[in-house]
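Down below is the structure, laid out as structure tokens.
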């Protein structure tokens, strides 16, 4: 992930098999940064899903690596 053209910071949360495997909290915007210089955000472990959340959401809700994702209908 890169923050190309983003207007606000986010938390990036990666999942594998329904569990959180990594979190990049409060990822800042990068206005004016050329494509080649944009910081790349990759998970530290294999992931098959990602969720972008408002910056600070992960900390405010005490989200941790190993937490399980459940989806309600």
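Residue numbers (the numbering used here): 8 to 80. Heads up, the beta-carbon is just placed ideally off N, CA and C, and yes, glycines get one too. Treat the numbers as computed from the prediction; the structure is a model and nothing was measured.
Query raised in the report: Can you find at least 3 beta carbon pairs, one from the segment 36 to 45 and one from the segment 63 to 75, that sit closer than 8 angstroms?
Result: no
Query raised in the report: What number of angstroms, rounded off, separates the C-alpha of residue 21 from the C-alpha of residue 47?
Result: One-based indexing of the chain shown puts residue 21 at position 14. One-based indexing of the chain shown puts residue 47 at position 40. Going from the Cα of residue 21 to the Cα of residue 47 covers about 14 angstroms.
Query raised in the report: According to DSSP, which residues form a beta bridge with residue 56?
Result: Taking the chain shown and counting its residues from 1, the one referred to as residue 56 is at position 49. Answer is 22.
Query - Close Cβ partners of residue 52 (< 8 angstroms) along its chain, the five nearest in sequence each way excluded - result: Numbered from 1 along the chain shown, position 45 holds the residue referred to as residue 52. Here the set comprises 21, 23, 28 and 29.
Query raised in the report: Would residue 57 pass as a contact of residue 19 if the rule is Cβ separation under 8 angstroms?
Result: Numbered from 1 along the chain shown, position 50 holds the residue referred to as residue 57. Numbered from 1 along the chain shown, position 12 holds the residue referred to as residue 19. In this structure, residue 19 lies closer than 8 angstroms to residue 57 by Cβ.
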